[in-house]
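**Q**
Numbering (full-length UniProt numbering), first residue to last: 1 to 302.
1) Measure the beta-carbon distance from residue 113 to residue 82 and round it to whole angstroms, keeping in mind my assumption that it falls under 8 Å.
2) Quick check for students: name the residue ranges of the beta strand (DSSP E) that lie wholly in the region 103-136, counting only runs of 3 or more.
3) Report the rounded CA-to-CA distance for residue 35 versus residue 126, giving the unit in angstroms.
4) Please report the straight-line C-alpha distance between residue 21 and residue 105, rounded to a whole angstrom.
5) Sort out for me which residues DSSP pairs residue 382 with in a bridge.
6) Can you find the residues in the same chain that come closer than 8 Å, C-beta to C-beta, to residue 250, ignoring five residues on each side of it along the sequence?
7) Which residue from 269, 119, 115, 188 puts its Cα closest to that of residue 98?
8) In three-state terms, what does DSSP make of residue 149?
9) With DSSP collapsed to three states, give me the class of residue 67.
10) Indicate whether residue 158 and residue 182 have their beta-carbon atoms separated by less than 8 Å.
11) Taking just the CA atoms, how far does residue 121 sit from residue 295?
12) On the three-state DSSP scale, how would you describe residue 187?
13) Comparing C-alpha positions only, which one of 149, 197, 140 sits nearest to residue 303?
14) Among residues of its own chain, excluding the 5 on either side of residue 231, which ones have a beta-carbon nearer than 6 Å to its beta-carbon?
15) Whose C-beta lies closer than 7 Å to the C-beta of residue 189 among residues of the same chain, with five residues either side of it excluded?
16) Comparing the C-beta of residue 116 with each C-beta of chain B, is any distance below 8 Å?
17) Counting only runs that start and end within the region 261-300, where is the beta strand (DSSP E) found for 3 or more residues in a row?
18) Assuming the contact rule is C-beta atoms closer than 8 Å, residue 131 and residue 225 should be a hit. Round their C-beta distance to whole Å, please.
19) Please name the residue or residues paired with residue 33 in a DSSP beta bridge.
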């Protein structure tokens, strides 16, 4: 090989490496770092059920994560004393105060509701999103708090989008006194969702940018997102699960629902909401949504 060609190849490889490192860093910061991803304005006007939630007499709970972050959650007690509590988990770019519609479903059914802010969202500390994988450990902290508060607790888990992934990943940790889980439009793997979004948003191939972003995630956020997979977590759980997904979801493709359903053990239930976009199953078929969620909840809250 001629010397000039060797130099050219070395330079080319070097440039490609630099481009990959820069691209991977951009993807990681865009998707993971607080302030760079889509988040709701803290001063946005609360309307409808979110305004109702804000008006309710609630308390703010605090927990320390295993890596030292202060996490916060809103606790709304039932009107009549009960051992039954539903943990309601928000999605990416959202926060507990925007979960009024789902909090109301469970509260009007007579249950306590705990609505955490996942790390780096809402009132909780953190510089990087946990995408459900780091959040599963934080969720175990909230669940343990409920069990310490009341050893006879009966707990249900509800999550939407990233919150649904959080719920499904948490089930792999064998949480105590959890009677059921409801996962609305959750992804099966973080890497799969990043691959999809890279293609949808930037029309770029996932390799090697997602792999490089994973290195940054391990260094800065402290976790390997390739480990996050419902194939591992749901197969290690026998908690009854209800999987909901919109048929026209273009943010988390509906194929995830079928994967998650396949990965789950019995008892399990699947509902594909015709015509619903991402996170819009409730809005698309409100009466049916409330009825089905309430029926599932009552079936397993004995």
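Backbone N, C-alpha and C define an ideal beta-carbon position, used for all residues, glycine too.
**A** So, from the data block:
1) 11 Å between Cβ atoms; not a contact.
2) Taking only runs of at least 3 residues, the beta strand (DSSP E) segments lying wholly in the region 103-136 are 112-116.
3) About 11 Å.
4) Because the pLDDT of residue 21 is 46, which lies under 50, any placement of that residue in the model is unreliable, and the question is left without a value.
5) Since the first residue of the chain shown is 1 and the last is 302, residue 382 is not available in this structure.
6) Sequence-distant Cβ neighbours of residue 250 in its own chain, meaning closer than 8 Å and more than five residues away, are 200, 277, 278.
7) Considering only alpha carbons, the answer is 115.
8) Helix at residue 149.
9) DSSP places residue 67 in coil when its eight states are reduced to three.
10) Yes; because the gap between Cβ atoms is below 8 Å, this pair is in contact.
11) Whole-angstrom Cα-Cα distance: 31 Å.
12) Of the three classes helix, strand and coil, the one that applies to residue 187 here is coil, per DSSP.
13) Residue 303 lies beyond the residue range present for the chain, which begins at 1 and ends at 302; the question has no answer from this structure.
14) Cβ within range, chain order: 263.
15) Non-local beta-carbon contacts of residue 189 in its own chain, meaning distances under 7 Å to residues more than five positions away in sequence, involve 228, 229 in chain order.
16) Chain labels in this structure do not include chain B; a single protein chain is all it has.
17) Here the runs fully enclosed are 268-273.
18) So it is a contact: roughly 6 Å between Cβ atoms.
19) Looking at the DSSP assignment, residue 33 forms a beta bridge with 128.
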